[in-house]
Each structure stands twice: as structure tokens, then as C-alpha cells.
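Notes follow the structure.
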Amino acid sequence: MTAIPTTTAPRRPRRIAGTPGQIALALAIAAFLLMFLVLPVATVIYVAFTEKGTSTFTLVNFYDFVRTELFMRSLWNSFYVSAMSVVWASVFALPLAYLTTRFVFRGAAIVQTLGFLPLIMPPFVGAVAMQLFFGRNGSINLLLDDWFGFKIDFMEGLNGVIFVQSVHYFPFILINLSAALRNVDRAMEEAAQNLGSSGFRLFRRIVFPLAMPGYLAGASLVFVKVFDDLATPLLLNVKDMLAPQAYLRVTSIGIADPMGYVISVVLIIASVTAMWLSARALKGRDYATTQRGGGGLAKRVMTPMEAVFGYGIVILILALVLAPHLGLLLLSFATIWSYSPLPDAFTTAHYARVFGESSVYIKNTLIYATIAGGIDVVLGVAIAYLVLRTKLVGREWLDWMATAALAIPGVVLGIGYLRTFYGVTLPDGTPLAALWITIVLALAIRRLPYALRACYAALQQISVSLEEAAENLGATKARTVRRIVVPLMAGGILAGFVTSFSTAAVELSATLMLVQSNSDAPLAYGLYVFMQSAAGRGPGAALGVVAVILVAACTFLSHLIIERSQKAKGMGH
């Protein structure tokens, strides 16, 4: 009896525990993260729990923190400002998200785009611009006093910080809530309407609870960002908040003062707790719907009265949140703008000064943000590949370590870098913390999570079979990554780079105390210095306009890259 020959399918290469090259890469990334993220943060925590000048463990520093009225007031103020900023950001975001996702709303795309604009302006720059409109002697109060004989304290003390932060960060809630609302099964709303529910009751009992994951994701981001912000309170002369206190203790008393480190630990705990509570609030609850949004119920056409009310609300909110951009633009051309609703006259001299003597800020920013973005995408691609394509033991820790940077306030990282690297000197005696490369490293660590998520998402969309086919044809793993994986990830890599670049370009909290001279200062530092004095606010506004244009161009480019990448994938399928 003749045996029937059998054919064997080509052997599919298995994901292995790791080649020597992959192990070396993982160790190099771990060393980088340990050196420039874990070590500085651990140093801050170590100093907070040790006696000054010794290595003896103690809780006395925290006892001093608790019994100091200024610090406890700062802690309460930080929580209060963050919570109220979430409340007011929700007031701005909810109507925009609901109207543009649940009704036939002409201009919905424009509303969503304009609603995103506040994020492309550094909040401390927006603070100065908003003072011009809403300050004690700003345009609005001058008109109110002239017409009605009273003024409103929009920008006084903590109110000013809340106002600025809620206007600046509300897009986080708008973006996440809008996405969540689009994914809610409209058939559920239709069923509720058939049972007699409508209007605000329908929104409160059905729609909003189903969109809760998106809302909480945005709200927790707003809380953490506001809690950690350093420059906005300082520019508004509000010093009794935690981040300004940490900065002031280290810069005025010195890096040996333990209270700056204690405050930093409190900032870390608050950030981690806010993120944990957000995740905890969603745990164990089912928000799933039978199908993604769009099913069942079409967008409703508004009645004439609803249209008038809806468009009125949208125009009012957009006018409010775009006021900082208008104020900044007017100030950048103003000769004098004081005790008058509008500038007395206009000039281009501020721009001439910025592109002349202050061009070093722009040049440094382009260099620093480019290098930081490059570091981030290299690390992002490497970590994503190790996590998704290998079975290296502990590979998830690389992802967790890199992502943990989100929970570390910028001021804490800055203090950690000062303490850790100021004692490390080069052969010529220059401290490592005084070099411009330290600023780049701080920016790279701060923005690494953004680039990592973009690279991770891009690699998830690439089928492993493409790599296996290349390896079956004899390609080495390194060649497969270089010739197959990286080109297919190009869209995600570019989007990650642009996101990292644009956000690093206006980062200040982590770099404010690392700048040793104007020649090494980035654009955000130059903005902060200009805005400190009335005479410098014109050139500062011009520099701010440059920053906004730079970030806006990067944001637009990022969206363009993502759209083209998605279209290319669609055509490929």
C-alpha cells in the first residue's frame, strides 16, 4: 500500500521569550527610565522621608507640613481650585458635547474644532490675556462700571485661577464626552422616550450615565492638570497653592529644604489618587450597549425655540473660551492697553523684538522639542514592539514605567532633576543639571506617554502574519522590524512625534527651575519672563502668538497624518 505524501505548512515563527538583542534593548530602555524618571522621583520621596542633612528615616517633615497653616491652606486651595475647575469645565463642555452629538446642529464640526483651540495655548499665557478682558480693570468690568456702576471679581484670587483653568482644560471633557455620547446606542434613548422620558430627565437618567466613562476620563485629566499647574497661579499672584509652594520653597530657600520635597510627595499622591478614583468609579459597572452609536434613533431636529436657545448657549461659551486668543492677539499689536476696553493704538514692534533679540527662545524650543520628540518615538516604538511582539519577562513594566510619567507633576520632576543631577558634575566642574540637555530629557520623559500610546496603537493594527511571512522568507528580526514594521507604523510614529513636539514646545512646569541662563531658555520660559512685567507683556504676547501658531500647526499636521493613515489602511483593506 503506497503511503500518501503529506505536505507540511511552512513553520510559523513563534513569539519567543526574547533574542539577545531584544533583551539588550529592554535593559537599555529600563536603564533610561530608571535614570531619568524613577531615580529623580525616588530621590524626591527619599528626601521627604529623611532628616535634613542625614539619611535617617523620619515623618517629622510631614508633621511640620500638617501643622503649618500656609501649607494646609495651600493643600485645601489646590483641591478646591481643581474641583471647581472640573465643575466649570463641565458646564462649558456638556452643552457643546450634547448639542453637537444629539441634534441636527449646523456647524457641529466647527464647534468641536473651536472647542479644542484652548488646549493649544499655554494656560499661563491665557491668564494674562483673560486679565485684559475680565480683570478688575479689564474691558468687561470697565464697561460694567461705566454702564451699571459695579464690577465683578472674575479674576481675583482663586476665582481667577479657576476661571482660567476651566476655560483652558474643558476640551479634555468635551473630547472624551463627545466620543462617549457618539458610542451610546440611540435605541436605548428611543426606548426611554417610548416609556415617557424626555428632555433633561432622559439626559440625566439614560444618556449621561451611559457616557460616564468618557466624562470621568476627561474630568480626571482636568483635575490632575489643574492640581499640578505651576505657572498660572504664579502669574495671577496666587502663591498659596501646592505647586507654587513647592517651586518657591526650592528656589527661595534651596534644594536642601525638605518642605519642597514633602509638597512634591503630596502632589504625586493627589495625582495618582485622582486617576485611581476615576478608574475605581467605573469598576464593576456595565456601560456596554448592544451596538455602537448611530443605531435606532437619528439626530433630532431642534424646534425654533430650541435652536435659538442652543445656538445662543454655544455662541456664548465659544466667545468665552476664545477670549484669551483674541486678547493675546490684540495685546501682541497693542502700544498701550491699560484702563481702556481696547488698545489705544497698534504696532508691529513687539514682533520685531521677538524675531530679533528673543529669537533664541524659538530656536531653542525647536531644537529641544525636536530632540525630545525623537527620543519619545524611538522609545515608543521599542517599548510597543517589546510588549506586543515578544514574551520577555517583565516587558509590561516598561509600559507601566513609561506611562507613569503622566502621574508625575512637572514641578516634581524638575525638583527631582535638580536634586539628583546637580551633584553630578562634568570634568570641567559644570553640574549635569545646568546643561541644556537636562531640559530636553525632562521634556522627553514628560511627553513619552503621548508618543508611546500613538506607537502602541499603530503596532496593534499591524498583523503579525506580515512579520511571520518575512521571517519565513529568511529575513532576520532586525531586518523585519526595519523593512516591514517601522514603515507600516509610519503614520502612528509621525502622529506621536508631532503630539510630543507640540506639547513639549509649551511645557514650563518641569523646566522652569532647570533653566540656568537665557541663552539656554525655551519659548515657554521666555513667555513666563516677559509676562512678569507690564512692559514685557507686549513682546510676551507676540511670543505667545508664535507659540499658539506653532502648536496649532503641529496639531493640524497630526490630524492630517492620522486621517491619511486611516484612509490608506481603508484602501488597503
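Position 537, counted from 1, in the sequence shown is what our numbering calls 538; the numbers after and before it change by one each time, with no gaps. Note that CB positions come from ideal geometry on N, CA and C, so glycine has one too.
With distance defined between alpha-carbon atoms, name the residue in the options nearest to residue i.
| i | options | result |
| --- | --- | --- |
| Val549 | Val126, Phe422, Leu268 | Val126 |
| Met276 | Val394, Leu182, Leu407, Pro428 | Leu407 |
| Phe458 | Met242, Ile494, Pro214 | It should be pointed out that residue 458 corresponds to Ala in this sequence rather than to Phe. Checking every option, the nearest Cα to that of Ala458 belongs to Ile494. |
| Pro305 | Ser265, Phe104, Thr20 | Phe104 |
| Thr102 | Trp398, Ala180, Ala308 | Ala180 |
| Thr426 | Thr439, Trp398, Pro325 | Thr439 |
| Tyr99 | Ile372, Leu489, Arg483, Tyr312 | Tyr312 |
| Tyr352 | Ser341, Ala543, Leu182 | Ala543 |
| Ser79 | Met36, Pro245, Met131 | Pro245 |
| Gly395 | Gly22, Leu28, Thr20 | Leu28 |
| Trp338 | Ser75, Phe134, Trp89 | Phe134 |
| Gln462 | Leu524, Leu389, Ala308, Gly541 | Leu389 |
| Phe173 | Leu249, Gly430, Lys226 | Lys226 |
| Ile376 | Gly255, Thr391, Tyr451, Pro428 | Tyr451 |
| Thr391 | Ile409, Ala109, Val465, Glu157 | Val465 |
| Met303 | Phe106, Ser503, Tyr340 | Phe106 |
| Arg183 | Phe58, Ala308, Pro214, Ala373 | Pro214 |
| Leu467 | Gly475, Ile485, Thr477, Cys456 | Ile485 |
| Gly328 | Ala232, Thr57, Val546 | Val546 |
| Glu157 | Phe149, Asp147, Asn138, Gly150 | Asn138 |
| Gly374 | Leu143, Phe72, Ala455, Leu97 | Ala455 |
| Pro1 | Thr114, Pro124, Leu144, Leu231 | Because the chain spans 2 through 574 in this model, residue 1 falls outside it and cannot be assessed. |
| Val412 | Gly357, Val45, Ala32 | Val45 |
| Val223 | Pro259, Leu143, Asn177 | Asn177 |
| Trp77 | Thr348, Asp241, Tyr526 | Asp241 |
| Leu249 | Phe37, Leu561, Phe72, Phe58 | Phe72 |
| Leu175 | Thr114, Phe151, Trp148, Leu144 | Thr114 |
For residue i and residue j, which I take to be in contact (beta-carbon distance under 8 Å), what is that distance rounded to the nearest angstrom?
| i | j | result |
| --- | --- | --- |
| Tyr170 | Ser86 | 7 Å |
| Ile30 | Ala383 | 6 Å |
| Ser221 | Ser279 | 4 Å |
| Thr481 | Ala496 | The pair is not a contact, with the Cβ atoms about 23 Å apart (cut-off 8 Å). |
| Ala536 | Asn365 | Not confirmed; about 23 Å, so no contact. |
| Ala320 | Met131 | Not really, about 13 Å apart at Cβ, beyond 8 Å. |
| Leu444 | Tyr529 | Not really, about 15 Å apart at Cβ, beyond 8 Å. |
| Ala257 | Lys53 | 7 Å |
| Leu460 | Ala385 | 5 Å |
| Pro96 | Ile314 | 5 Å |
| Met576 | Val273 | Shown here, the chain extends from 2 to 574; a query on residue 576 therefore has no answer. |
Is the distance from the Cβ of residue i to the Cβ of residue j below 8 Å?
| i | j | result |
| --- | --- | --- |
| Arg448 | Ser501 | yes |
| Leu331 | Tyr418 | no |
| Ala595 | Phe422 | This structure gives no information on residue 595, because the portion of the chain shown stretches from 2 to 574. |
| Ile264 | Leu237 | no |
| Ile121 | Thr512 | no |
| Val361 | Ser534 | no |
| Pro41 | Leu414 | yes |
| Val499 | Val552 | no |
| Arg420 | Val48 | yes |
| Ala350 | Pro344 | no |
| Val251 | Ile111 | no |
| Phe93 | Ile318 | yes |
| Ala282 | Phe228 | no |
| Leu35 | Leu387 | no |
| Gly381 | Leu453 | yes |
| Leu159 | Val82 | yes |
| Val165 | Val239 | no |
| Pro119 | Val322 | yes |
| Pro234 | Leu509 | no |
| Val441 | Ile372 | yes |
| Ser333 | Gly527 | no |
Start and end of the alpha helix (DSSP H) containing residue i?
| i | result |
| --- | --- |
| Phe228 | 213-229 |
| Asn142 | 140-149 |
| Trp401 | 396-404 |
| Asn238 | Counting along the chain, Asn238 falls outside any alpha helix (DSSP H), and DSSP gives it neither H nor E. |
| Ala130 | 124-135 |
| Ala90 | 70-103 |
| Gln23 | 21-34 |
| Val168 | 158-183 |
| Met532 | 524-532 |
| Asp377 | 360-390 |
| Gly313 | 305-334 |
| Ala452 | 437-461 |
| Leu414 | 411-422 |
| Ala43 | 40-49 |
| Leu60 | Leu60 -> no alpha helix (DSSP H), and no H or E assigned at all. |
| Pro245 | 243-249 |
| Tyr352 | 350-357 |
Strictly under 8 Å for the Cβ-Cβ distance: is residue i near chain B by that measure?
| i | result |
| --- | --- |
| Arg396 | This model lacks chain B altogether; it includes just one protein chain. |
**Asked** Of all the alpha helix (DSSP H) runs that stay within the bounds of the region 475-549, which reach a length of 4 or more residues?
**Response** 478-481, 491-505, 524-532
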